[in-house]
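Protein chains: 2
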Amino acid sequence: MDINTITSTKNEYIKEISKLKTDYSEKYILEGVHTIEEALKYGVIESILFTNKNTIKLSEYGDAIKKYLITEEVAQKISAVKTNQGVFAVCKIIEKEIDLSSNVLVLDDVQDPGNMGTLIRSAKAFGFNSIVAGERSVGFFNPKVVRSTQANHFSMSLVKKNLEQMIKFLKANEYLIVGTFLNQDSKKTITSNTKFKDKKIALILGNEGNGIDIEYLESIDVNYVIKMSEEVESLNVAIAGSIIMSSIYKI
Amino acid sequence: MDINTITSTKNEYIKEISKLKTDYSEKYILEGVHTIEEALKYGVIESILFTNKNTIKLSEYGDAIKKYLITEEVAQKISAVKTNQGVFAVCKIIEKEIDLSSNVLVLDDVQDPGNMGTLIRSAKAFGFNSIVAGERSVGFFNPKVVRSTQANHFSMSLVKKNLEQMIKFLKANEYLIVGTFLNQDSKKTITSNTKFKDKKIALILGNEGNGIDIEYLESIDVNYVIKMSEEVESLNVAIAGSIIMSSIYKI
Chain A
1 MDINTITSTK NEYIKEISKL KTDYSEKYIL EGVHTIEEAL KYGVIESILF
51 TNKNTIKLSE YGDAIKKYLI TEEVAQKISA VKTNQGVFAV CKIIEKEIDL
101 SSNVLVLDDV QDPGNMGTLI RSAKAFGFNS IVAGERSVGF FNPKVVRSTQ
151 ANHFSMSLVK KNLEQMIKFL KANEYLIVGT FLNQDSKKTI TSNTKFKDKK
201 IALILGNEGN GIDIEYLESI DVNYVIKMSE EVESLNVAIA GSIIMSSIYK
251 I
Chain B
1 MDINTITSTK NEYIKEISKL KTDYSEKYIL EGVHTIEEAL KYGVIESILF
51 TNKNTIKLSE YGDAIKKYLI TEEVAQKISA VKTNQGVFAV CKIIEKEIDL
101 SSNVLVLDDV QDPGNMGTLI RSAKAFGFNS IVAGERSVGF FNPKVVRSTQ
151 ANHFSMSLVK KNLEQMIKFL KANEYLIVGT FLNQDSKKTI TSNTKFKDKK
201 IALILGNEGN GIDIEYLESI DVNYVIKMSE EVESLNVAIA GSIIMSSIYK
251 I
């Protein structure tokens, strides 16, 4: 097994990797044993970097994956967390088409990486195989997003697209477009999951502060409102989305 | 209206307030207009501190609440976020008894402040008026927790207690004790909300990585398992808890 050693934070490859924390358009960085073991199954790993506290079995990572022994100082440079686990993987982003046989989650301007990551994890749990995010949303491969997914993003179709076009496309493909507008006294409002039976669902969630952009109100077929106390203005967006996806999964 | 001015980060009161970011056992700090307006309704505010970018109506905050004009430098010293809104309140923690007429959320070692805050918000939305957290859980008044509640914690009974004793106490008060153990092939396992009808529920959620401590397995009456894809190991704890609370609220 070929293993290179990197001891300097000024090494060119390390400089390139460090940039992935903020520029994750083509590659991104993974941290931690569990996530990297999961990534191996999907053939997305370009290289592995590890310190002497690493616990993954390097022999399982074939010759096509480059291996680098790094110092703790270098690990701290590339890590996005305070206490790193001593193992990192640089992964390629492989774009997948939307799975038109499955439900789709549509995210209009979700900003918080924790919310985005949690939504990816919940979407997978509840059979929403594709997520389309509008251009203003936080990136799918932001390190904090990836951490929150708990290694559940590899099988998903994660697509950034213009939402207006996307909603038209989903409508044309016979999706029921489900909105989550608050305070919309609309005839479209429903509070139970009965309308979802035998339908392909495209569920739209909005921004943490402002909800879904009002321009999409016309496009929705139904507006789902979660029953809750009137004393609470709204739920966290990842919570609301997961409750609805769960209620669709159950039927 | 009496307004004092503080221009130094070394002012004794500012030093005291800065400590509340990590020691929130008796008082805690609130940031932001919306949250502070909400706090006013509950009579918990001891003082208001504001910079010249403040937008709250000071006249609504009576004479019993001390008012301090502070500099941006002082604001940055007491703020827990990068971009502060220019207004802070120091609040008293008022302990409330558990509401024994309502459902109770029991948190065994929830560590992430975002999860704790989101659970407080969801608990209020779904009529769980009390939350009991074990001693190892993150504090209710940690600044990040308070931020995630979105001003929904004021009306709640938030109690830190020994959970073993608490579960006995809830049992004695005729609560149905609901666990959320994963991978427990137990006769107690249920996957629908039918058992919850006309019962007072105590729902136990566990640690982000390890779930509920196994020592509580004996104490539970039923173990609720959320239906989901087998490809996903688990849900985020705030998501799982909110889905179950929502399903209980609906019946």
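Order-wise, the sequence lines are chains A and B.
Numbering follows this note's numbering, with no gaps: position 107 of the first sequence is 107.
Numbering follows this note's numbering, with no gaps: position 40 of the second sequence is 40.
Backbone N, C-alpha and C define an ideal beta-carbon position, used for all residues, glycine too.
Return the first residue and the last residue of the beta strand (DSSP E) that residue i is part of.
{"i": "F88/B", "result": "V87 to K92"}
{"i": "A172/A", "result": "Taken as a continuous stretch (DSSP letters only), A172/A belongs to no beta strand (DSSP E), being part of the alpha helix (DSSP H) at L163 to A172."}
{"i": "V138/A", "result": "Element bounds for V138/A: n/a, residue is neither H nor E."}
{"i": "V237/A", "result": "Looking at the DSSP string, V237/A is not in any beta strand (DSSP E); the run it does join, the alpha helix (DSSP H), is V237 to K250."}
{"i": "G211/A", "result": "Taken as a continuous stretch (DSSP letters only), G211/A belongs to no beta strand (DSSP E), as it is neither H nor E."}
{"i": "N223/A", "result": "V222 to Y224"}
{"i": "A133/A", "result": "S130 to A133"}
{"i": "N183/B", "result": "From DSSP, N183/B is part of no beta strand (DSSP E); its letter is neither H nor E."}
{"i": "N103/A", "result": "Taken as a continuous stretch (DSSP letters only), N103/A belongs to no beta strand (DSSP E), as it is neither H nor E."}
{"i": "Y216/B", "result": "Y216/B -> no beta strand (DSSP E), and no H or E assigned at all."}
{"i": "V157/B", "result": "Note on identity: in this sequence residue 157/B is Ser, with Val being the wrong assignment. S157 to K160 is the extent of the beta strand (DSSP E) around S157/B."}
{"i": "N4/A", "result": "N4 to I6"}
{"i": "V178/B", "result": "Y175 to G179"}
Would you say residue i reaches chain B, if we count a Cβ-Cβ gap shorter than 8 Å as a contact?
{"i": "R147/A", "result": "no"}
{"i": "T118/A", "result": "yes"}
{"i": "F140/A", "result": "no"}
{"i": "F126/A", "result": "yes"}
{"i": "S157/A", "result": "no"}
{"i": "S246/A", "result": "yes"}
Is there a C-beta anywhere in chain A that falls below 8 Å from the one on residue i?
{"i": "G179/B", "result": "no"}
{"i": "N152/B", "result": "yes"}
{"i": "K66/B", "result": "no"}
{"i": "K17/B", "result": "Lys is not the amino acid found at residue 17/B; the sequence shown has Ile there. Not one chain A Cβ lies under 8 Å of I17/B."}
{"i": "Y42/B", "result": "no"}
{"i": "Y249/B", "result": "yes"}
{"i": "R136/B", "result": "no"}
{"i": "K21/B", "result": "no"}
{"i": "K227/B", "result": "yes"}
{"i": "S122/B", "result": "yes"}
Count the other CB atoms within 10 Å of the CB of residue i; is the residue buried (16 or more) or exposed (fewer)?
{"i": "K187/A", "result": "exposed"}
{"i": "A202/A", "result": "buried"}
{"i": "T118/B", "result": "buried"}
{"i": "L108/B", "result": "Before going on, a small fix: residue 108/B reads as Asp here, not Leu. Buried, since its Cβ has 16 or more Cβ neighbours within 10 Å."}
{"i": "A64/A", "result": "exposed"}
{"i": "Q165/A", "result": "exposed"}
{"i": "Y42/B", "result": "exposed"}
{"i": "M1/B", "result": "exposed"}
{"i": "I189/A", "result": "Note that residue 189/A corresponds to Thr in the displayed sequence, not to Ile. Exposed."}
{"i": "D198/A", "result": "exposed"}
{"i": "N210/B", "result": "exposed"}
{"i": "N183/B", "result": "exposed"}
{"i": "K124/B", "result": "buried"}
{"i": "T283/B", "result": "This structure does not reach residue 283/B, given that chain B is present from 1 up to 251, and the question cannot be answered."}
{"i": "E72/B", "result": "exposed"}
{"i": "H153/A", "result": "buried"}
{"i": "G134/A", "result": "buried"}
{"i": "E38/B", "result": "buried"}
{"i": "N54/B", "result": "buried"}
{"i": "A151/B", "result": "buried"}
Specify, as a first and last residue, the run of the alpha helix (DSSP H) that residue i falls within.
{"i": "T118/B", "result": "P113 to A125"}
{"i": "K200/A", "result": "Counting along the chain, K200/A falls outside any alpha helix (DSSP H), though it belongs to the beta strand (DSSP E) covering K200 to L205."}
{"i": "S18/B", "result": "E12 to K19"}
Is the closest heavy atom of the ligand MN to the C-beta of residue i under 7 Å?
{"i": "S79/B", "result": "This structure lacks the ligand MN, and indeed carries no ligand of any kind."}
Does the CB of residue i have a neighbour CB from chain C at under 8 Å?
{"i": "K15/B", "result": "Considering every chain present, this structure includes no chain C. Its protein chains are A and B."}
What residues in the region 229-242 of chain A have a beta carbon less than 7 Å from any beta carbon of chain B? S229, E231, V232, L235, N236, A238, I239 and S242
Listed in chain order, which residues of the region 84-117 of chain B have Cβ atoms closer than 7 Å to some Cβ of chain A? G114
Which runs of the alpha helix (DSSP H) fall wholly inside the region 23-80 of chain B and span at least 4 residues, in chain order? 33-40 and 72-78
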